[in-house]
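Numbering (my numbering), first residue to last: 134 to 249. A short worksheet on the structure shown next.
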(Lines of atoms letter the chains of each structure in order from A and count residues from 1; the text may use other names and numbers.)
(Lines give C-alpha, C1' and ligand atoms only; values in the text may rest on other atoms or scores of the structure.)
Protein backbone atom coordinates (compact mmCIF):
# COMPACT_ATOMS: atom_id res chain seq x y z
CA UNK A 1 0.00 0.00 0.00
CA UNK A 2 1.26 3.45 -0.90
CA UNK A 3 1.61 5.92 1.96
CA UNK A 4 1.26 9.61 1.10
CA UNK A 5 2.26 12.54 3.29
CA UNK A 6 1.35 16.08 2.24
CA UNK A 7 2.97 19.28 3.48
CA UNK A 8 3.20 22.95 2.60
CA UNK A 9 -0.29 24.20 3.32
CA UNK A 10 -0.99 27.33 5.30
CA UNK A 11 -2.45 30.81 5.32
CA UNK A 12 -1.59 33.16 2.47
CA UNK A 13 -2.90 36.48 1.25
CA UNK A 14 -4.68 36.78 -2.10
CA UNK A 15 -2.13 36.97 -4.89
CA UNK A 16 0.39 34.99 -2.88
CA UNK A 17 2.02 31.63 -3.56
CA UNK A 18 2.40 28.28 -1.85
CA UNK A 19 4.05 25.03 -2.82
CA UNK A 20 2.51 21.78 -1.68
CA UNK A 21 4.55 18.60 -1.47
CA UNK A 22 3.44 14.98 -1.35
CA UNK A 23 5.97 12.35 -0.39
CA UNK A 24 5.11 8.78 -1.35
CA UNK A 25 6.39 5.47 -0.11
CA UNK A 26 7.19 2.65 -2.48
CA UNK A 27 10.03 1.73 -4.77
CA UNK A 28 8.09 2.15 -8.00
CA UNK A 29 7.08 5.78 -7.60
CA UNK A 30 8.08 6.60 -11.18
CA UNK A 31 5.25 4.36 -12.42
CA UNK A 32 2.58 6.01 -10.27
CA UNK A 33 -0.10 8.28 -11.66
CA UNK A 34 -0.22 11.20 -9.24
CA UNK A 35 -2.59 14.05 -8.63
CA UNK A 36 -4.07 16.66 -6.37
CA UNK A 37 -7.70 17.16 -5.47
CA UNK A 38 -9.26 19.73 -3.17
CA UNK A 39 -12.40 20.01 -1.11
CA UNK A 40 -14.06 23.09 0.33
CA UNK A 41 -16.71 23.01 3.06
CA UNK A 42 -20.06 21.98 1.62
CA UNK A 43 -18.58 21.10 -1.75
CA UNK A 44 -17.57 17.89 -3.46
CA UNK A 45 -13.95 16.97 -3.85
CA UNK A 46 -12.70 18.32 -7.19
CA UNK A 47 -9.75 17.59 -9.40
CA UNK A 48 -6.98 20.20 -9.36
CA UNK A 49 -4.16 18.65 -11.38
CA UNK A 50 -2.68 15.32 -12.40
CA UNK A 51 0.64 14.10 -13.73
CA UNK A 52 1.29 10.76 -15.37
CA UNK A 53 4.37 8.59 -15.18
CA UNK A 54 5.35 10.12 -18.52
CA UNK A 55 4.91 13.62 -17.03
CA UNK A 56 1.77 14.44 -19.01
CA UNK A 57 -0.15 17.02 -16.99
CA UNK A 58 -3.80 17.96 -16.74
CA UNK A 59 -5.40 20.88 -14.90
CA UNK A 60 -8.81 22.08 -13.85
CA UNK A 61 -9.85 25.13 -15.83
CA UNK A 62 -10.03 27.16 -12.64
CA UNK A 63 -6.29 26.77 -11.95
CA UNK A 64 -4.79 26.75 -15.46
CA UNK A 65 -2.03 29.29 -15.78
CA UNK A 66 -1.71 29.65 -12.00
CA UNK A 67 -0.87 26.16 -10.70
CA UNK A 68 1.88 23.82 -11.84
CA UNK A 69 2.17 20.14 -10.96
CA UNK A 70 5.54 18.42 -11.15
CA UNK A 71 7.28 15.33 -9.86
CA UNK A 72 10.73 14.35 -8.68
CA UNK A 73 11.04 10.61 -9.01
CA UNK A 74 14.40 10.58 -7.22
CA UNK A 75 12.65 11.98 -4.13
CA UNK A 76 9.36 10.09 -4.53
CA UNK A 77 7.63 13.45 -4.37
CA UNK A 78 5.01 15.33 -6.33
CA UNK A 79 4.61 19.09 -6.02
CA UNK A 80 1.87 21.60 -6.63
CA UNK A 81 3.14 25.13 -7.13
CA UNK A 82 0.27 27.54 -6.60
CA UNK A 83 0.63 31.15 -7.70
CA UNK A 84 -1.76 34.09 -7.74
CA UNK A 85 -3.89 32.42 -5.12
CA UNK A 86 -7.51 33.50 -4.74
CA UNK A 87 -9.94 33.16 -1.83
CA UNK A 88 -11.84 30.54 -3.82
CA UNK A 89 -8.72 28.35 -3.74
CA UNK A 90 -9.27 27.88 -0.01
CA UNK A 91 -9.72 24.16 0.60
CA UNK A 92 -8.17 21.02 1.98
CA UNK A 93 -5.81 19.72 -0.68
CA UNK A 94 -5.39 15.96 -1.04
CA UNK A 95 -2.64 14.10 -2.83
CA UNK A 96 -3.51 10.84 -4.48
CA UNK A 97 -1.58 8.07 -6.20
CA UNK A 98 -2.50 5.23 -8.47
CA UNK A 99 0.08 2.48 -8.77
CA UNK A 100 -0.21 0.11 -11.73
CA UNK A 101 -2.81 -2.55 -11.03
CA UNK A 102 -3.96 -0.91 -7.77
CA UNK A 103 -6.71 1.39 -6.64
CA UNK A 104 -6.17 5.04 -5.69
CA UNK A 105 -4.50 5.89 -2.40
CA UNK A 106 -5.07 9.21 -0.63
CA UNK A 107 -3.08 11.39 1.69
CA UNK A 108 -4.46 12.96 4.84
CA UNK A 109 -4.87 16.40 3.31
CA UNK A 110 -3.34 19.80 3.97
CA UNK A 111 -5.28 23.00 4.57
CA UNK A 112 -4.78 25.99 2.28
CA UNK A 113 -6.44 29.23 3.33
CA UNK A 114 -6.34 32.33 1.14
CA UNK A 115 -7.44 35.37 3.06
CA UNK A 116 -6.43 38.93 3.79
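Positions of the beta carbon are idealized from the N, C-alpha and C atoms, including for glycine. Remember, it's a predicted structure, so these values are computed and weren't measured experimentally.
Near residue i, what residues of its chain come up, given a Cβ to Cβ distance below 6 Å and the 5 sequence neighbours on each side ignored?
{"i": "residue 143", "result": "none"}
{"i": "residue 192", "result": "182"}
{"i": "residue 307", "result": "Nothing can be reported for residue 307: it is not among the residues displayed for the chain, which extend from 134 to 249."}
{"i": "residue 173", "result": "224"}
{"i": "residue 199", "result": "216 and 217"}
{"i": "residue 214", "result": "152 and 201"}
Should residue i be labelled buried (16 or more other beta-carbon atoms within 10 Å of its own) or exposed?
{"i": "residue 207", "result": "exposed"}
{"i": "residue 217", "result": "exposed"}
{"i": "residue 222", "result": "buried"}
{"i": "residue 161", "result": "exposed"}
{"i": "residue 243", "result": "buried"}
{"i": "residue 234", "result": "exposed"}
{"i": "residue 168", "result": "buried"}
Just to confirm my understanding: we take residue i, look at its own chain, exclude 5 residues before and 5 after, and list those with CB closer than 8 Å. What are they?
{"i": "residue 238", "result": "134, 135, 136, 137, 229, 230, 231 and 232"}
Could you check whether residue j and residue i sit closer than 8 Å to each other, using their CB atoms as the reference points?
{"i": "residue 171", "j": "residue 212", "result": "no"}
{"i": "residue 185", "j": "residue 163", "result": "no"}
{"i": "residue 166", "j": "residue 157", "result": "no"}
{"i": "residue 147", "j": "residue 197", "result": "no"}
{"i": "residue 245", "j": "residue 226", "result": "yes"}
{"i": "residue 188", "j": "residue 178", "result": "no"}
{"i": "residue 190", "j": "residue 202", "result": "yes"}
So, for residue i: in the same chain, excluding its five sequence neighbours on each side, which residues have a beta-carbon less than 7 Å away from its beta-carbon?
{"i": "residue 149", "result": "218"}
Scan the region 149 to 204 and note each continuous beta strand (DSSP E) run of 3 residues or more that stays entirely inside, going in chain order. 151 to 157, 166 to 172, 179 to 184 and 190 to 192
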